[in-house]
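To start, the structure itself, in C-alpha coordinates.
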Amino acid sequence: MSTKVLSQKIISLIKKQGFIIVSSLDEKGKIHSSAKGVVGIDVKGRVFIIDLYYARTYKNLKKNSIVTITFFDEHKFEGYALQGKAKIVEKEKISKSIINEWEDNMIRRISKRMIKNLQSGNSSFHHPEAALPHPKYLIEVDVKQIIDLAPAQLK
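According to this note's numbering, the sequence shown is numbered sequentially starting from 3.
Pasting the structure below:
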(Lines of atoms letter the chains of each structure in order from A and count residues from 1; the text may use other names and numbers.)
(Lines give C-alpha, C1' and ligand atoms only; values in the text may rest on other atoms or scores of the structure.)
Protein backbone atom coordinates (compact mmCIF):
# COMPACT_ATOMS: atom_id res chain seq x y z
CA MET A 1 0.00 0.00 0.00
CA SER A 2 1.26 3.49 -0.84
CA THR A 3 2.13 5.84 1.95
CA LYS A 4 2.08 8.97 -0.18
CA VAL A 5 -0.82 10.50 -2.05
CA LEU A 6 0.22 12.35 -5.19
CA SER A 7 -1.12 15.88 -5.52
CA GLN A 8 -2.75 17.10 -8.71
CA LYS A 9 0.25 19.42 -9.17
CA ILE A 10 2.67 16.46 -9.18
CA ILE A 11 0.41 14.41 -11.46
CA SER A 12 0.06 17.29 -13.95
CA LEU A 13 3.80 17.95 -13.97
CA ILE A 14 4.77 14.33 -14.53
CA LYS A 15 2.18 13.96 -17.33
CA LYS A 16 3.62 17.00 -19.14
CA GLN A 17 7.09 15.50 -19.27
CA GLY A 18 8.15 13.48 -22.30
CA PHE A 19 10.10 11.18 -20.03
CA ILE A 20 11.28 10.75 -16.46
CA ILE A 21 14.55 9.51 -14.97
CA VAL A 22 14.40 6.25 -13.05
CA SER A 23 17.32 5.57 -10.71
CA SER A 24 17.94 2.09 -9.38
CA LEU A 25 20.77 0.45 -7.41
CA ASP A 26 23.01 -2.34 -8.67
CA GLU A 27 24.35 -5.19 -6.53
CA LYS A 28 27.28 -3.01 -5.39
CA GLY A 29 25.02 -0.11 -4.39
CA LYS A 30 25.98 2.04 -7.39
CA ILE A 31 23.27 4.23 -8.88
CA HIS A 32 22.05 3.59 -12.41
CA SER A 33 19.80 6.22 -14.03
CA SER A 34 17.80 5.77 -17.20
CA ALA A 35 15.15 7.69 -19.14
CA LYS A 36 11.77 5.97 -19.21
CA GLY A 37 8.21 6.76 -20.28
CA VAL A 38 5.33 7.13 -17.85
CA VAL A 39 2.07 5.50 -18.95
CA GLY A 40 -0.03 5.99 -15.87
CA ILE A 41 -0.31 7.62 -12.46
CA ASP A 42 -2.87 7.26 -9.73
CA VAL A 43 -3.47 9.62 -6.83
CA LYS A 44 -2.95 6.77 -4.37
CA GLY A 45 0.78 6.97 -5.06
CA ARG A 46 1.48 4.56 -7.87
CA VAL A 47 3.38 5.43 -11.04
CA PHE A 48 3.40 3.07 -14.03
CA ILE A 49 6.50 3.16 -16.22
CA ILE A 50 7.19 1.31 -19.47
CA ASP A 51 10.64 -0.16 -20.06
CA LEU A 52 11.67 -1.14 -23.56
CA TYR A 53 14.73 -3.21 -22.69
CA TYR A 54 15.76 -6.01 -20.36
CA ALA A 55 18.92 -4.16 -19.40
CA ARG A 56 20.48 -2.68 -16.26
CA THR A 57 17.29 -1.28 -14.73
CA TYR A 58 15.59 -4.67 -15.06
CA LYS A 59 18.56 -6.51 -13.55
CA ASN A 60 18.78 -4.01 -10.71
CA LEU A 61 15.05 -4.22 -9.90
CA LYS A 62 15.23 -8.01 -9.78
CA LYS A 63 17.70 -7.68 -6.87
CA ASN A 64 16.64 -4.40 -5.23
CA SER A 65 13.20 -2.81 -5.60
CA ILE A 66 14.22 0.66 -4.31
CA VAL A 67 13.88 3.38 -6.98
CA THR A 68 13.75 7.14 -7.37
CA ILE A 69 11.77 8.80 -10.16
CA THR A 70 13.00 12.30 -11.03
CA PHE A 71 11.24 14.82 -13.26
CA PHE A 72 11.25 18.60 -13.61
CA ASP A 73 10.07 21.54 -15.65
CA GLU A 74 13.02 23.82 -16.27
CA HIS A 75 10.81 26.74 -17.35
CA LYS A 76 8.73 26.72 -14.17
CA PHE A 77 11.78 25.75 -12.10
CA GLU A 78 9.90 23.00 -10.31
CA GLY A 79 10.34 19.28 -10.01
CA TYR A 80 10.16 16.27 -7.74
CA ALA A 81 11.96 13.09 -6.80
CA LEU A 82 9.55 10.29 -5.92
CA GLN A 83 11.18 7.54 -3.90
CA GLY A 84 9.59 4.15 -3.50
CA LYS A 85 9.51 0.45 -4.20
CA ALA A 86 9.16 -0.98 -7.68
CA LYS A 87 7.39 -4.09 -8.84
CA ILE A 88 8.08 -5.68 -12.21
CA VAL A 89 5.03 -6.60 -14.28
CA GLU A 90 6.04 -8.97 -17.08
CA LYS A 91 4.95 -8.18 -20.64
CA GLU A 92 2.22 -10.84 -20.76
CA LYS A 93 0.50 -9.27 -17.73
CA ILE A 94 0.54 -5.65 -18.93
CA SER A 95 -3.00 -4.52 -19.60
CA LYS A 96 -3.99 -3.66 -23.16
CA SER A 97 -4.98 -0.15 -21.99
CA ILE A 98 -1.40 0.52 -20.82
CA ILE A 99 0.05 -0.69 -24.14
CA ASN A 100 -2.47 1.53 -25.96
CA GLU A 101 -1.43 4.51 -23.80
CA TRP A 102 2.24 3.88 -24.64
CA GLU A 103 1.43 3.68 -28.37
CA ASP A 104 -0.61 6.91 -28.16
CA ASN A 105 2.31 8.61 -26.38
CA MET A 106 4.70 7.54 -29.16
CA ILE A 107 2.35 8.87 -31.85
CA ARG A 108 2.06 12.20 -30.00
CA ARG A 109 5.86 12.45 -29.61
CA ILE A 110 6.51 11.70 -33.29
CA SER A 111 3.80 14.16 -34.35
CA LYS A 112 5.18 16.87 -32.07
CA ARG A 113 8.70 16.33 -33.45
CA MET A 114 7.43 16.46 -37.04
CA ILE A 115 5.48 19.70 -36.43
CA LYS A 116 8.45 21.30 -34.68
CA ASN A 117 10.75 20.29 -37.56
CA LEU A 118 8.33 21.72 -40.13
CA GLN A 119 7.90 24.97 -38.21
CA SER A 120 11.65 25.44 -37.90
CA GLY A 121 12.26 24.64 -41.57
CA ASN A 122 14.16 21.49 -40.65
CA SER A 123 13.42 18.87 -43.27
CA SER A 124 14.85 16.04 -41.15
CA PHE A 125 12.88 12.82 -41.17
CA HIS A 126 14.78 11.48 -38.17
CA HIS A 127 12.22 10.28 -35.63
CA PRO A 128 13.99 8.16 -32.98
CA GLU A 129 10.72 7.15 -31.33
CA ALA A 130 9.65 5.30 -34.47
CA ALA A 131 12.62 2.92 -34.10
CA LEU A 132 11.96 2.02 -30.47
CA PRO A 133 11.00 -1.59 -29.68
CA HIS A 134 7.72 -2.58 -28.05
CA PRO A 135 7.63 -2.55 -24.24
CA LYS A 136 9.36 -5.47 -22.52
CA TYR A 137 7.86 -4.97 -19.07
CA LEU A 138 6.12 -2.49 -16.79
CA ILE A 139 7.57 -0.94 -13.66
CA GLU A 140 4.92 -0.22 -11.03
CA VAL A 141 6.31 2.16 -8.41
CA ASP A 142 4.65 2.50 -5.02
CA VAL A 143 5.70 6.00 -3.89
CA LYS A 144 6.87 6.20 -0.27
CA GLN A 145 8.46 9.66 -0.18
CA ILE A 146 8.10 12.87 -2.18
CA ILE A 147 10.98 15.33 -2.38
CA ASP A 148 10.30 18.81 -3.78
CA LEU A 149 13.34 19.83 -5.87
CA ALA A 150 12.47 23.54 -6.14
CA PRO A 151 14.72 25.92 -4.22
CA ALA A 152 13.18 26.99 -0.90
CA GLN A 153 12.88 30.67 -1.92
CA LEU A 154 10.75 29.68 -4.96
CA LYS A 155 8.20 27.56 -3.09
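Every residue, glycine too, gets a C-beta built ideally from N, C-alpha and C. These numbers come from a predicted model, not from an experiment.
- In this structure, DSSP gives Tyr82 an extended state, which the three-state scheme calls strand.
- DSSP, read as helix, strand or coil, puts Ile117 in helix.
- Taking the Cα of Leu151 as reference, the smallest distance to any Cα among Arg58, Lys64, Gln121, Phe73 is reached at Phe73.
- Distance check between Ser67 and each of Lys146, Leu156, Ala154 places Lys146 closest, using alpha-carbon atoms only.
- Residue burial is scored here from C-beta neighbours: Phe79 has fewer than 16 other C-beta atoms within 10 angstroms and is therefore classed as exposed.
- Taking C-alpha positions only, Met108 is separated from Leu140 by approximately 16 Å.
- Between Gln10 and Lys17, the alpha-carbon positions lie close to 10 Å from each other.
- DSSP, read as helix, strand or coil, puts Asp106 in helix.
- C-alpha of Val69 to C-alpha of Ala57: approximately 15 Å in a straight line.
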